[in-house]
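For reference, the structure discussed in these notes is given below.
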Amino acid sequence: MLSLEPTDDRAHPAFRDVAACHKWLGQLQLTNLNLAQSSLRSELDELNRLTLSGKARLNILEALRETVAQVQNDFAKKLVGKALPLADEELDLLLSLADLWQAMLHGYLRCIESSGMGALLYQRCLFYARCRLTAFTAAGYAPDPRSWQQLHALYAAIEASPLRREVVRDPYFHDNLPVTCQTLYLATLLMHHARLLGLPRSQLHLAEHWLLHWPDTLALVASSNLSKGDAPPLVVDLHGQQGLRSLAYAQRSDSLRFLPLVPLSKQIRVKTILLKQGQTPRQLELGDSLSTQDCIALLDKLHAGWCDARDDSLADVPRQTESVHLCAGLEKSYGQIAQKPFKPVKDVSKAVRDAQQQIATFG
Numbered sequence: 009m010l011s012l013e014p015t016d017d018r019a020h021p022a023f024r025d026v027a028a029c030h031k032w033l034g035q036l037q038l039t040n041l042n043l044a045q046s047s048l049r050s051e052l053d054e055l056n057r058l059t060l061s062g063k064a065r066l067n068i069l070e071a072l073r074e075t076v077a078q079v080q081n082d083f084a085k086k087l088v089g090k091a092l093p094l095a096d097e098e099l100d101l102l103l104s105l106a107d108l109w110q111a112m113l114h115g116y117l118r119c120i121e122s123s124g125m126g127a128l129l130y131q132r133c134l135f136y137a138r139c140r141l142t143a144f145t146a147a148g149y150a151p152d153p154r155s156w157q158q159l160h161a162l163y164a165a166i167e168a169s170p171l172r173r174e175v176v177r178d179p180y181f182h183d184n185l186p187v188t189c190q191t192l193y194l195a196t197l198l199m200h201h202a203r204l205l206g207l208p209r210s211q212l213h214l215a216e217h218w219l220l221h222w223p224d225t226l227a228l229v230a231s232s233n234l235s236k237g238d239a240p241p242l243v244v245d246l247h248g249q250q251g252l253r254s255l256a257y258a259q260r261s262d263s264l265r266f267l268p269l270v271p272l273s274k275q276i277r278v279k280t281i282l283l284k285q286g287q288t289p290r291q292l293e294l295g296d297s298l299s300t301q302d303c304i305a306l307l308d309k310l311h312a313g314w315c316d317a318r319d320d321s322l323a324d325v326p327r328q329t330e331s332v333h334l335c336a337g338l339e340k341s342y343g344q345i346a347q348k349p350f351k352p353v354k355d356v357s358k359a360v361r362d363a364q365q366q367i368a369t370f371g
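In my numbering, the protein residues as written are 9 to 371.
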């Protein structure tokens with residue numbers, strides 16, 4: 009399980025109970041998003057350092073959720089449509105967005121630390137770990153290794169427990185849809201793996217909504233068989249720093265898990281065939297926000313992203329890290345390019361000073 013820093017008696021949040029929290033929220037200026045986001049982050053950091061009973065902390069965090077969701081959703085709109093790579097100011101916004109999600113995650117981890125096991129607590133933790141991942145992917149950036157490690161560690165903590173199959177409702181996740189921790193975890197993995205960055209937000213939401221309504225097609229197992237013609241399973245390392253990957257680069261490990269995709273592939277193909285035969289999206293429980301043709305196009309895209317065999321992206325392919333040698337100075341640079349004996353610079357500051365002196369002398 010994820011480790012947390014010790015609590016500190018010197019922590020002084022603006023509230024220590026739900027009543028004080030509601031009073032503080034009533035005074036929070038939401039018209040200034042930057043200030044509101046910074047204030048929420050500061051108070052959550054202080055609250056997370058404070059020694060508090062699990063029940064009291066949970067009640068406070070639940071009271072904060074609506075305001076945090078509102079501020080974060082509005083804050084994320086500042087990054088919509090931004091060209092990559094993000095400018096420094098925009099990157100700071102992204103990191104602030106991820107850090108507030110992280111602060112909420114830490115709060116619920118504190119609840120687990122003091123209150124023990126509970127499906128609701130793990131659902132909340134998985135939800136905020138998912139929010140942090142989504143913040144990066146929505147901006148066009150690969151999530152950092154820490155984000156993946158957190159998500160995997162949370163699932164691993166309840167993998168052998170009945171808690172992973174216990175249904176939890178969340179008013180801030182798909183309109184209180186009853187979802188298990190396992191389904192939430194696997195849906196998060198699949199939504200990232202499908203590479204759906206170019207889709208409108210409404211279609212991203214709909215795709216995840218469909219996935220959450222098909223929990224019987226999702227399972228994570230310790231071993232899997234591959235038959236010719238079937239959708240190949242994907243793998244995830246519960247101790248790893250990445251999401252789902254193809255079998256090609258899977259390394260045998262006790263922490264390796266397989267996600268069979270045959271049930272999901274059949275579900276998508278059956279829906280597609282029935283749509284082509286004339287049934288409506290509403291009849292197939294696909295909602296009515298898209299036309300039949302748009303539903304077929306989205307289902308085809310999802311099947312290609314999840315179930316079709318494909319090559320991993322460069323980011324997913326394991327590569328050995330090579331050493332980089334620093335070479336300063338014209339002569340040494342030429343020697344390196346000409347593949348002559350190379351002597352690495354030991355004192356970089358001296359090399360820089362020498363170069364500056366040469367520029368000052370010769371221009």
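Glycine is no exception: its CB is placed at the ideal position from the N, C-alpha and C atoms.
Spanning the alpha carbons of His201 and Ala312 requires a straight line of approximately 11 angstroms.
Runs of beta strand (DSSP E) with 3 or more residues, each lying fully within the segment 162 to 199, are absent. Per DSSP, reduced to three states, the secondary structure at Val88 is coil, with no helix or strand assignment. Taking the Cα positions, Arg173 is about 16 angstroms away from Thr196. For Arg265, the enclosing beta strand (DSSP E) covers residues Leu264 to Leu267. The beta carbon of Pro151 sits closer than 6 angstroms to those of Leu141 and Phe144, all from its chain and outside the five residues before and after it, given in chain order.
Only residues of its own chain outside the window of five on either side were considered, and among them Arg73 and Ala77 have a CB closer than 7 angstroms to the CB of Tyr180, listed in chain order. DSSP links Arg253 through a beta bridge to Val243. In terms of CA proximity to Arg203, Gly251 leads the group Ile281, Gly115, Ser47 and Gly251.
Between the C-alpha atoms of Leu294 and Leu228 there is a straight-line separation of about 25 angstroms. Cβ-Cβ distances below 7 angstroms link Ala258 to Val243 and Leu264 in the same chain, with the five nearest sequence neighbours on each side left out; the list follows chain order. Contact between Leu198 and Leu219 holds, with the beta-carbon distance rounding to 6 angstroms and staying under 8 angstroms. Contact check for Gly148 against Leu205 passes: the beta carbons are separated by less than 8 angstroms. Put simply, the backbone Cα of Asp82 is about 8 angstroms away from that of Leu41. Beta-bridge annotation (DSSP): Val229 is paired with Phe266. Approximately 6 angstroms separates the beta-carbon atoms of Asp25 and Ala64; this is inside 8 angstroms, confirming the contact.
For Lys31, the enclosing alpha helix (DSSP H) covers residues Val26 to Gln35. DSSP places Arg118 in the uninterrupted alpha helix (DSSP H) bounded by Asp96 to Ser123. Taken atom to atom, the span from the alpha-carbon of Arg177 to that of Leu185 is near 6 angstroms. DSSP places Tyr149 in the coil class of the three-state scheme, outside both helix and strand.
Per the C-alpha coordinates, the member of Glu13, Thr75, Asp53 and Leu10 positioned closest to Leu38 is Thr75. A straight line joining the alpha-carbon of Ala127 with that of Cys189 spans about 7 angstroms.
Counting along the chain, Thr300 sits inside the alpha helix (DSSP H) bounded by residues Thr300 to Trp314. Taking the Cα of Ala71 as reference, the smallest distance to any Cα among Val88, Pro93, Ser61 and Cys29 is reached at Cys29. Between the alpha carbons of His20 and Ala44 lies a gap of roughly 18 angstroms. If you ignore the 5 residues before and after Lys90, its C-beta comes within less than 6 angstroms of the C-beta of Glu98, all in its own chain and listed in chain order. Sorting Gln291, Leu12, Gln35 and Ile166 by C-alpha distance to the C-alpha of Phe23 places Gln35 at the top. Counting C-beta pairs closer than 8 angstroms gives three or more between the segment 298 to 307 and the segment 280 to 288, which meets the contact rule. Collapsing the DSSP output to three states places Asn56 in a helix. In the structure shown, the three-state DSSP call for Ala143 is helix. A direct Cα-to-Cα measurement between Arg18 and Leu102 gives close to 30 angstroms. Nearest in C-alpha terms to Cys139, of all of Ser122, Pro170, Leu159 and Leu129, is Leu159. Here Gly237 is exposed, its C-beta having fewer than 16 other C-beta atoms within 10 Å. Nearest Cα to Lys85 within the set Ala95, Asn67, Pro93 and Leu105: Leu105. The beta carbon of Thr300 sits closer than 8 angstroms to those of Leu283, Thr288 and Pro289, all from its chain and outside the five residues before and after it, given in chain order. Between the C-alpha atoms of Glu51 and Tyr116 there is a straight-line separation of about 15 angstroms.
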